[in-house]
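Trainee: Residue numbers (this note's numbering): 2 to 143.
Structural data, given as structure tokens:
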């Protein structure tokens, strides 16, 4: 069974899932998508510590990043399709975007702290996080 059949089956079976189930599915898939996105965008900065990647051309690094970004889209597209209110999901377009941005910054923060030992979280990062929580609140406010 190829990946198109797998995601077609997921999309078909998600029609019968509750709104809460679709919300969880959407958030989990956006989380996985953002892990791949962060690795595609920033992973090469850390991977350059590996000997072979230091000598690799920028073009090859771009191709590696595109390869990772492919997996980002494999999870991001179904997440948005299933989560979108016009497709029977629980989230508006704006809410999907805000959720994605919050997940992106959480994943990036964890990546930066774990992968880059010289990265230090500061008070301004906390303030930015508070602003994100406020953005989520206002995006979901009726």
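A virtual CB, placed ideally from N, CA and C, is assigned to each residue, including glycine. Values in this document were obtained by computation on a predicted structure and should not be read as measured data.
Using alpha carbons as the reference points, say which of 110, 119, 128 lies closest to residue 40.
Mentor: 110
Trainee: Nearest to residue 126 by CA position, among 119, 61, 106, 54, is which residue?
Mentor: 106
Trainee: Under 6 Å Cβ to Cβ from residue 76, same chain only, skipping five residues before and after it: list those, please.
Mentor: 30, 33, 34
Trainee: Hey, out of 98, 115, 89, whose CA is closest to residue 141's CA?
Mentor: With distances taken between Cα atoms, residue 141 lies closest to 98.
Trainee: Who are residue 92's beta bridge partners in DSSP?
Mentor: 85
Trainee: Does DSSP put residue 23 in a helix, a strand or coil?
Mentor: In this structure, residue 23 counts as helix in the three-state DSSP scheme.
Trainee: Reducing DSSP to helix, strand and coil, say where residue 120 ends up.
Mentor: coil
Trainee: Would you kindly report the start and end of the unbroken alpha helix (DSSP H) that includes residue 55?
Mentor: 52–55
Trainee: Enumerate in chain order the residues of its own chain whose CB-to-CB distance from residue 18 is below 8 Å, with the five nearest sequence positions on each side excluded.
Mentor: 26
Trainee: Grab me the residues of residue 54's own chain with a C-beta within less than 8 Å of its C-beta, minus the 5 sequence neighbours each way, in chain order.
Mentor: So the qualifying residues of the chain are 45, 48, 62.
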